[in-house]
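Here the structure comes first, spelled out in structure tokens, and everything after it is commentary.
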Amino acid sequence: MPKNKKACPRTLSGIRVRFAPSPTGFLHVGSLRTALYNYLFARQNNGDFILRIEDTDRTRYVEGAVESLLKILTTVGLRWDEGPMLDGKEKGKFGPYVQSERTKIYKKHAEELIEKGHAYHCFCSADRLEKLRETQQANKLPTMYDGLCRGLDKSIIAEKLKNNQPHVIRLAVPKEGSTNFNDVVRGAAAFENKLIDDQVLVKSDGFPTYHLANVVDDHLMEITDVIRGDEWLSSTPKHILLYKAFGWTPPRFAHIPLLLNPDKSKLSKRQGDVAVEDYLKKGYLPEVLINFVALLGWNPGTEQEIFSLPELIKVFDITKVHQAGAVFNLEKLDWMNCEYIKKMPLNELVKICQPFLVGACLEVAGQKLENIIGLERERLKKLIDFPAAVEFFFKEPRYDAKILIWKKSDQKTICSRLKTLIKFYDTFTWDWSEQWIEQATLDLIIKEKLENGTTLWPMRVALSGREASPGPFAIAEILGKEETIKRLKAALALLCGK
RNA sequence: GGCCUCAUCGUCUAAUGGUUAGGACACCAGGUUUUCAUCCUGGUAAUCGGGGUUCGAUUCCCCGUGGGGCUGCCA
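Residue numbering for the first sequence follows my numbering, beginning at 1450 and increasing consecutively.
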């Protein structure tokens, strides 16, 4: 806990937060957590959770990214109150919620800043700026704009504008003093103004930068709390300066720690999946993703680790979010997915498995499927593992004859056991159920002085074709008497050549 | 280079100015089981380093070290 940490500034109403992603491709798991923390904070305060699309960089815009984003947020259960909706319409009175449709608003505000003397036109070329940075770095100076255009004469500006000379608009950052704020998770933060760059607010293509659009929108949309990734911390003084320049009150800020690669760098595509969609496709449950990501950088202080979304709303506390980054640990994700798979109602599990089985062209309905999935569920980490694990129930297995042989027993013994089993089941008259097959077979083993290992192991392998699988009796029941005998005979032929 | 920031087992984390530094994942061993998995029992494993304050520091302060973020007409 940082000293100086601001006491939880909660009110019971009027809280408005936003999740403001850029449609540049896929929803990052780090963004999912940012969205989640915003959502939890809004819900626990009866506040509003707003979705805004920050697409001011046309060069990085990806077709379809917004739609996929909306779908994923819906899938994981983060319902938003305002913003673009799945039906293509918008909800909320502060719209449009897509920044590319708000350019007039930003233009107007940029002009206002220029009039007030808080912003200025800059005609410097990219070339000059690059050289400037190089020189500064070579001289061990901070790399920032030198303010060449800041004092430009009004008549010169007017003429350059008249000639359509390319330009940007920059924030005129005060040279003196410092900009301070109190971050809900970071505590007190202070930045010297002389080290804050004259940030570009409007690009030469007329689009605003993040800094301008974000501040204007957050104010206009009456956002009370900005909960965002830690990478924004060092830009926050610029934003505060902007609020001041407009004469607005800044919102509260909460900068949450980054999600990290195993090597502790910022979580990136290079080192594994980062798209929520990729995890969904592999059969990580939406609830698990939410649960898992909630616990990265925050915990309730109890030993409970499994939380539903409603439970998270109750116990989440933004002031207890950590300051250090957290490695995104796949092993623990797997474990948590397992926990959910093991504990969820079977019929529900069957339902969510269906798409994965259909994709693998396996039989997909009925009581039989439910039994099969029931048998395999404790063995699997994610839904995409089901098709391969379950395949032998639908198709005759192919396997190496050698694996029929139990430990140090020999081919001769195993062949004899298989023959005994075939003969026994051929004349089997009890109910063909797991219970009866088991009881009768174990009785047979005792009576004939066989051993469990040399009898049951080859039986199971004959039925499943695997060294690891559920028990032979459960498989036999599902396969049915005829198929069971067929597979035992196939095993006999494979191992003993008959 | 500059600015900011962070630091407890391998990982996610709990706790405290005085504890055998707790839990979870992973790992190892044992038990159960025809196998794997599940399940049960046990185990290995951490307060980055140096100063200071203090009777006592892992906890508070300073310095260092290491990591990370930002340093774009990206967000």
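The beta-carbon is built from N, C-alpha and C at its ideal position, and this holds for glycine as well. The model shown is predicted, which means the values in this text are computed figures rather than measured ones.
Which same chain residues, not among the five before or five after Lys1763, have their C-beta less than 8 Å away from its C-beta?
Cβ within range, chain order: Gln1493.
Answer with buried or exposed for Lys1896, where buried requires no fewer than 16 other C-beta atoms within 10 angstroms of its C-beta.
By the beta-carbon neighbour count (other beta carbons within 10 angstroms, threshold 16), Lys1896 is exposed.
Would you decide whether Arg1509 is buried or exposed? Buried here means 16 or more other CB atoms lie within 10 Å of its CB.
Exposed, because fewer than 16 other Cβ atoms sit within 10 Å of the Cβ of Arg1509.
Take His1660 and list the residues in its own chain whose beta-carbon comes closer than 6 Å to its own, dropping the five residues that flank it on each side.
Closer than 6 Å at the Cβ level, and outside the excluded window around His1660, lie Gln1648 and Lys1687.
CB of Ile1499 within 8 Å of CB of Val1547, strictly:
Annotated as distal: Ile1499 and Val1547, with beta-carbon spacing of 8 Å or more.
Integer-rounded CB distance, given that Leu1729 should sit under 8 Å from Thr1524
The Cβ separation is near 7 Å, so the contact holds.
Would you grab the beta carbon distance between Leu1738 and Leu1481 for me? Rounded to a whole angstrom, and I think it's under 8 Å.
Separation of the CB atoms of Leu1738 and Leu1481 is rounded to 7 Å, and the pair is thereby assigned contact status at 8 Å.
Under 8 Å by Cβ, that's how I've got Lys1856 and Arg1826 pegged, so tell me the actual separation to the nearest angstrom.
So it is not a contact: roughly 28 Å between Cβ atoms.
Alpha-carbon spacing of Val1633 relative to Arg1465, whole angstroms:
About 16 Å.
Count Cβ pairs between the region 1620 to 1630 and the region 1666 to 1683 that sit closer than 8 Å; are there 3 or more?
A contact between stretches requires three or more CB pairs, one per stretch, nearer than 8 Å, and the region 1620 to 1630 fails this requirement with the region 1666 to 1683.
Best match in Ala1889, Leu1937, Glu1840 and Gln1888 for proximity to Ser1918 [C-alpha to C-alpha]:
The shortest C-alpha separation from Ser1918 is found at Glu1840.
Please list, in chain order, all residues of the same chain as Lys1580 whose beta carbon is under 7 Å from its beta carbon, the five residues on each side excluded.
Within the same chain, Lys1580 has no close Cβ partners at all.
Go ahead and pull the three-state DSSP assignment for Cys1573.
In the structure shown, Cys1573 sits in coil (DSSP, three-state: anything other than H, G, I, E or B).
List the endpoints of the continuous alpha helix (DSSP H) containing Leu1899.
Neither: Leu1899 is in no alpha helix (DSSP H) and is coded neither H nor E.
Helix, strand or coil: which one does DSSP assign to Leu1500?
Strand, per DSSP.
Cutoff 8 Å; reference Leu1745; Cβ partners in own chain excluding five residues on either side:
Closer than 8 Å at Cβ, skipping near neighbours: Arg1482, Leu1708, Ala1775 and Phe1777.
The beta strand (DSSP E) enclosing His1477, as first and last residue numbers
Per DSSP, His1477 lies in no beta strand (DSSP E) and is assigned neither H nor E.
Leu1943 vs Pro1907 beta-carbon contact at 8 Å
Going by C-beta atoms, Leu1943 is not nearer than 8 Å to Pro1907.
In the structure shown, what three-state DSSP assignment does Asp1834 receive?
Residue state, collapsed to three classes: helix.
Does the distance from the C-beta atom of Tyr1555 to that of Val1665 stay below 8 Å?
Yes, they are a contact pair.
Are there 16 or more other CB atoms within 10 angstroms of the CB of Leu1535, so buried, or fewer, so exposed?
Leu1535 counts as exposed, since fewer than 16 other beta carbons sit within 10 angstroms of its beta carbon.
Is the region 1688 to 1698 close to the region 1749 to 1758, with three or more CB pairs under 8 Å?
Between the region 1688 to 1698 and the region 1749 to 1758, the count of Cβ pairs shorter than 8 Å is below three; the stretches do not touch.
Taking buried to mean at least 16 other C-beta atoms within 10 Å of its own C-beta, is Gly1532 buried or exposed?
Buried: at least 16 other Cβ atoms inside 10 Å.
Could you give the distance in angstroms between the alpha-carbon of Glu1916 and the alpha-carbon of Ile1852?
Between Glu1916 and Ile1852, the C-alpha separation is close to 7 Å.
How long is the line joining the alpha carbons of Gly1929 and Leu1824, rounded to whole angstroms?
C-alpha separation (whole angstroms): 16 Å.
Going by alpha carbons, who is nearest to Ser1865 out of Leu1597, Ala1940, Gly1513 and Glu1641?
Nearest to Ser1865 by alpha-carbon distance, out of Leu1597, Ala1940, Gly1513 and Glu1641, is Ala1940.
Ala1559 versus Ile1672 - alpha carbon distance
The alpha-carbon atoms of Ala1559 and Ile1672 are separated by roughly 20 Å.
Could you give the uninterrupted runs of the alpha helix (DSSP H) lying entirely in the region 1867 to 1932, keeping only those of 4 residues or more?
Complete alpha helix (DSSP H) runs here, min 4: 1883 to 1896, 1901 to 1913 and 1921 to 1928.
Which residues DSSP lists as bridging Arg1701, in chain order:
Its beta-bridge partners are Asp1674.
Mind listing, in chain order, the continuous beta strand (DSSP E) runs of no fewer than 3 residues lying wholly within the region 1575 to 1649?
Segments of the beta strand (DSSP E) lying fully in the region 1575 to 1649: 1617 to 1620, 1627 to 1632 and 1636 to 1641.
N- and C-terminal bounds of the beta strand (DSSP E) containing Phe1468:
Here the beta strand (DSSP E) through Phe1468 covers Arg1465 to Phe1468.
Taking the DSSP output, what are the residues bridged to Pro1711?
Its beta-bridge partners do not exist; DSSP assigns none.
On a CA-only basis, which of Ala1703, Arg1719 and His1704 is nearest Asn1710? Give me that one, please.
Minimum Cα distance to Asn1710 is reached at Arg1719.
Using a 10 Å radius around the Cβ and a threshold of 16 neighbouring Cβ atoms, would you call Trp1879 buried or exposed?
Trp1879 comes out exposed.
Where Leu1522 and Val1511 are concerned, what is the direct C-alpha to C-alpha distance, given to the nearest angstrom?
Cα to Cα, Leu1522 sits roughly 18 Å from Val1511.
Run the CB neighbour count on Asn1786, radius 10 Å, all protein chains shown included, and call it buried at 16 or more, exposed below.
The residue in question, Asn1786, is buried, as its Cβ has 16 or more Cβ neighbours within 10 Å.
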